[in-house]
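Student: Chains as they are written, first to last, in the working numbering: chain A, 52 to 369; chain B, 11 to 317.
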Amino acid sequence: MHNYLDFEKPIADLEGKIEELRHLSSDGEVNIADEVTKLQAKVDKLLRQTYAKLTPWQKTQIARHPDRPHTVDYLSALIDDFTPLAGDRAFAEDKAIIGGLGRFRGSSVVVIGNEKGADTNDRVTHNFGMARPEGYRKVIRLMELADHFNLPVITLVDTPGAYPGVDAEARGQAEAIARSIETCFQIKVPLISVVIGEGGSGGAMAMAAANCVLMLEHAIYSVISPEGCASILWRDGEQSKDAADALKLTAQDLLKLDVIEGIIAEPLGGAHRSRDATIRAVGEAIEGSLQDLSGLDGGVLKSKRREKFLKIGSQLPE
Amino acid sequence: MNWLKNIVRPKLKRLVGGQKEIPDNLWHKCPSCEEMVFHRDLEQNLRVCPHCGHHLRLSAEARLKILFDEGKYQSIELAEALADPLKFRDRRKYSDRLKEAQAKTTLQDALIVAHGRMGGLNVVIAALDFSFMGGSMGVAVGEGLIAAARLAVVQDASLIVVPSSGGARMQEGILSLMQMARTTIAVEEVKEAGLPYIVVLTDPTTGGVSASFAMLGDVAIAETGAVIGFAGARVIEQTIREKLPEGFQRAEYLLEHGMVDMVVRRQDLRETLVRVIGLLINTGPAGDVLAIPPVAIDAPALESPAD
Ligand SMILES: [Zn+2]
Chain A
52 MHNYLDFEKP
62 IADLEGKIEE
72 LRHLSSDGEV
82 NIADEVTKLQ
92 AKVDKLLRQT
102 YAKLTPWQKT
112 QIARHPDRPH
122 TVDYLSALID
132 DFTPLAGDRA
142 FAEDKAIIGG
152 LGRFRGSSVV
162 VIGNEKGADT
172 NDRVTHNFGM
182 ARPEGYRKVI
192 RLMELADHFN
202 LPVITLVDTP
212 GAYPGVDAEA
222 RGQAEAIARS
232 IETCFQIKVP
242 LISVVIGEGG
252 SGGAMAMAAA
262 NCVLMLEHAI
272 YSVISPEGCA
282 SILWRDGEQS
292 KDAADALKLT
302 AQDLLKLDVI
312 EGIIAEPLGG
322 AHRSRDATIR
332 AVGEAIEGSL
342 QDLSGLDGGV
352 LKSKRREKFL
362 KIGSQLPE
Chain B
11 MNWLKNIVRP
21 KLKRLVGGQK
31 EIPDNLWHKC
41 PSCEEMVFHR
51 DLEQNLRVCP
61 HCGHHLRLSA
71 EARLKILFDE
81 GKYQSIELAE
91 ALADPLKFRD
101 RRKYSDRLKE
111 AQAKTTLQDA
121 LIVAHGRMGG
131 LNVVIAALDF
141 SFMGGSMGVA
151 VGEGLIAAAR
161 LAVVQDASLI
171 VVPSSGGARM
181 QEGILSLMQM
191 ARTTIAVEEV
201 KEAGLPYIVV
211 LTDPTTGGVS
221 ASFAMLGDVA
231 IAETGAVIGF
241 AGARVIEQTI
251 REKLPEGFQR
261 AEYLLEHGMV
271 DMVVRRQDLR
281 ETLVRVIGLL
291 INTGPAGDVL
301 AIPPVAIDAP
311 ALESPAD
């Protein structure tokens with residue numbers, strides 16, 4: 052029923068037992084309620100223990116978990132009248148990034164998110180969430196549209212990174228990302244980013260130069276994937292665990308480094324176990340951030356956004 | 011220029027901490043055509059191979075010398091950034107790698123910022139040095155670019171940035187990624203002040219550097235043959251599992267694909283910059299000021315005394 056991660060094996064075993072018992076009871080008349088309750092308590096305890104001390108590498112796996120809610124799930128649950136807008140008006144529509152107009156808590160917004168896809172076909176359609184230049188140019192177009200109509204922008208970040216391909220390079224991947232960051236710093240409307248899964252390098256930065264950057268509890272955000280870092284610095288892709296530790300890529304690390312404004316708690320056992328509750332929590336966090344920014348003058352929003360980033364890394368808490 | 015050498019060398023040596031001197035009779039093998047080139051000839055030819063025209067990499071200091079009038083400039087002392095903010099360690103400590111790079115290059119970090127005159131125009135130039143950890147961008151480089159932008163605004167000068175960098179400095183983790191945002195803000199400050207922001211893309215300009223300040227120039231000039239792109243060639247090859255096209259990610263390829271305004275040979279760079287900036291800010295014809303000669307790169311910079 053679940054896609055279990057390696058370190059969730061003991062949990063998988065227990066939940067397997069519960070399933071077996073349920074199966075038995077539906078066959079016969081055995082009363083297994085007590086036993087199930089006991090086992091369920093054990094599962095919860097184990098989940099709490101496991102999820103309280105996740106390593107950065109384990110968090111990386113959770114952040115990439117296929118059952119985690121993706122951008123499309125947030126859109127369908129949180130955004131009314133979502134109206135996707137396609138294309139960069141220059142070359143193509145890039146399905147690795149979904150964006151459009153919609154209503155959030157009754158008010159119009161522009162929402163943009165990386166989409167990784169739900170199953171194999173879907174993942175290919177969305178190129179595993181790796182955008183090409185036209186994707187970032189669509190982001191720019193939509194942010195400018197939001198700016199023109201004075202609508203807040205919400206971005207949902209969930210990408211392994213920008214697509215490394217010949218076509219992407221030929222059409223100016225670097226320039227597209229640079230302009231997207233630049234646009235983030237030009238618009239005079241509230242800009243809120245939530246890293247819902249994987250914040251992969253420049254491809255994530257392109258849409259996360261926001262007034263308020265939030266991360267889900269087990270999301271990651273990094274300059275390079277642990278695997279990429281390991282193969283370059285350790286010359287051994289197998290050292291991803293050590294690289295994940297060294298990179299300081301967890302939400303908790305980033306909050307300490309003052310790179311993000313807040314962490315959105317995930318339900319017990321991670322977002323992939325309780326998708327609806329996770330989406331609700333993200334909705335509430337976005338609502339709160341929008342309220343904090345409401346009433347601020349456009350110029351103030353823009354300059355506050357810049358000041359915030361200029362401060363990052365200038366001094367660090369010990 | 012020998013008189014210049016004799017007068018200035020002792021002072022320069024003090025400044026840069028006794029750099030190793032390469033004997034003039036040393037031979038280099040051109041990495042492109044493999045012909046042997048006399049060291050002195052190579053330096054006098056701005057490190058461009060006289061046989062095949064291949065552009066070898068320049069140090070940031072050499073870059074400043076060939077751009078500023080008479081090779082004279084005032085470099086800015088950059089505020090010391092937090093070294094090793096994450097206490098990063100791979101097979102070796104980042105702090106050790108940093109110290110080693112500092113000793114090898116006599117630079118504090120990968121960026122030098124200087125101001126002075128170029129063709130008589132008031133310019134600030136920020137140049138990355140590839141020999142300092144691959145010219146990678148961490149907090150210090152980001153801070154340096156912000157300082158360069160603000161100096162340009164205060165001085166009403168044009169900002170020229172010369173990247174030579176493999177991208178973000180992984181050992182500074184997320185803080186290196188944040189420099190993409192911070193350097194973009196720096197660029198915005200210059201643009202909003204109405205001052206020219208010119209980028210000279212040199213070999214190599216890739217990763218987080220290309221995907222931020224390096225690709226935001228009002229005018230983008232690529233030096234002949236430079237590798238410029240976002241993803242590294244090896245990563246792309248691994249992803250698509252096929253051989254890359256001839257000349258892929260070279261300056262000429264970017265020109266063909268509309269990503270840069272022009273490809274310029276090193277010997278024409280200074281003149282081109284003077285002309286472009288002169289046109290942007292609408293000065294008179296640049297004929298007279300161009301008469302001010304640049305210098306060969308092994309002539310040391312005439313750093314004016316501290317002000
Ligand atoms: Zn040659």
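Every residue gets a Cβ at the ideal spot worked out from N, C-alpha and C, and that includes glycine.
From which residue to which residue does the beta strand (DSSP E) around A:P135 run?
Tutor: I130 to P135
Student: I need the boundaries of the beta strand (DSSP E) containing A:M266, first residue and last residue.
Tutor: C263 to L267
Student: Under a three-way DSSP split, which group does A:L284 fall into?
Tutor: helix
Student: Can A:A213 and A:M181 be called in contact, C-beta distance under 9 Å?
Tutor: yes
Student: Are there three or more Cβ pairs, one per stretch, closer than 8 Å when the segment 171 to 191 of chain B is compared with the segment 208 to 221 of chain B?
Tutor: yes
Student: Which one of A:Q91, A:D57 and A:M194 has the shortest CA to CA distance from A:R73?
Tutor: Of the candidates A:Q91, A:D57 and A:M194, A:Q91 places its Cα closest to the Cα of A:R73.
Student: Restricting to Cα atoms, I'd like to know which of B:S69, B:V133 and B:V209 is closest to B:L161.
Tutor: B:V133
Student: In this structure, what does DSSP give as the bridge partners for B:G217?
Tutor: In DSSP, B:G217 forms no bridge with anything.
Student: Hey, A:S273 and A:L300: beta-carbon distance below 9 Å or not?
Tutor: yes
Student: Compute the distance between the beta-carbons of A:K189 and A:A257, then report whether it is under 9 Å.
Tutor: no
Student: Is the Cβ of B:A311 closer than 9 Å to any Cβ of chain A?
Tutor: Its pLDDT being 43, under 50, B:A311 is placed unreliably in this model, and the value from its coordinates should be taken loosely. False, the Cβ-Cβ gap to chain A never drops below 9 Å.
Student: Take every Cβ of the segment 142 to 155 of chain B, pair it with every Cβ of the segment 83 to 97 of chain B, and state whether three or more of those distances are shorter than 8 Å.
Tutor: Under the three-pair Cβ rule at 8 Å, the segment 142 to 155 of chain B counts as touching the segment 83 to 97 of chain B.
Student: Would you say B:R67 and B:S141 are within 9 Å of each other, going by their C-beta atoms?
Tutor: Their beta carbons are under 9 Å apart, which means B:R67 touches B:S141 by this criterion.
Student: Report the three-state DSSP secondary structure of A:I69 (helix, strand or coil).
Tutor: helix
Student: Report buried or exposed for B:G242, applying the criterion of at least 16 other Cβ atoms within 10 angstroms of its Cβ.
Tutor: buried
Student: Can you name the start and end residues of the beta strand (DSSP E) that A:D209 belongs to?
Tutor: V204 to T210
Student: Identify each residue in the segment 177 to 205 of chain A for which the Cβ-Cβ distance to at least one residue of chain B is less than 8 Å, and report them in chain order.
Tutor: The segment 177 to 205 of chain A vs chain B, Cβ under 8 Å: nothing.
Student: Exposed or buried, what is A:E268 when buried is set at 16 or more other beta-carbons lying within 10 Å of its beta-carbon?
Tutor: buried
Student: For the putative contact between A:P61 and A:L97, defined by C-beta atoms under 8 Å, what is the C-beta separation to the nearest angstrom?
Tutor: Yes, A:P61 and A:L97 are in contact; Cβ-Cβ is about 6 Å, under 8 Å.
Student: On the DSSP bridge list, what partners appear for B:Q112?
Tutor: Note: B:Q112 sits in no beta bridge, so no partner.
Student: Compute the distance between the beta-carbons of B:V163 and B:V200, then report whether it is under 9 Å.
Tutor: yes
Student: Excluding the five sequence neighbours on either side, which residues of its own chain have a C-beta within less than 6 Å of the C-beta of B:T322, listed in chain order?
Tutor: Since the first residue of chain B shown is 11 and the last is 317, residue 322 of chain B is not available in this structure.
Student: Measuring straight from C-alpha to C-alpha, what distance separates A:F58 and B:R107?
Tutor: 34 Å
Student: With a Cβ-Cβ cutoff of 9 Å, do B:I238 and B:I208 count as a contact?
Tutor: no
Student: When the Cβ atoms of the segment 57 to 77 of chain B are set against those of the segment 279 to 288 of chain B, are three or more pairs found closer than 8 Å?
Tutor: yes
Student: Just to confirm, is the Cβ distance from A:E185 to A:R230 under 9 Å?
Tutor: With contacts defined as CB atoms closer than 9 Å, A:E185 and A:R230 fail to qualify as a contacting pair.
Student: Just checking B:G235 against ligand 1 - is the residue's beta carbon closer than 8 Å to any of the ligand's heavy atoms?
Tutor: no
Student: Please report whether the beta-carbon of A:S244 lies at a distance below 9 Å from any beta-carbon of chain B.
Tutor: no
Student: What residues does ligand 1 have around it, judged by CB closer than 6 Å to any heavy atom, in chain order?
Tutor: For ligand 1, the residues with a Cβ under 6 Å from any of its heavy atoms are, in chain order, B:C40, B:S42, B:C43, B:E45, B:C59, B:H61, B:C62 and B:H64.
Student: Note down, one range per segment and in chain order, each beta strand (DSSP E) of at least 3 residues found wholly within the segment 190 to 244 of chain B.
Tutor: 207 to 211 and 229 to 233
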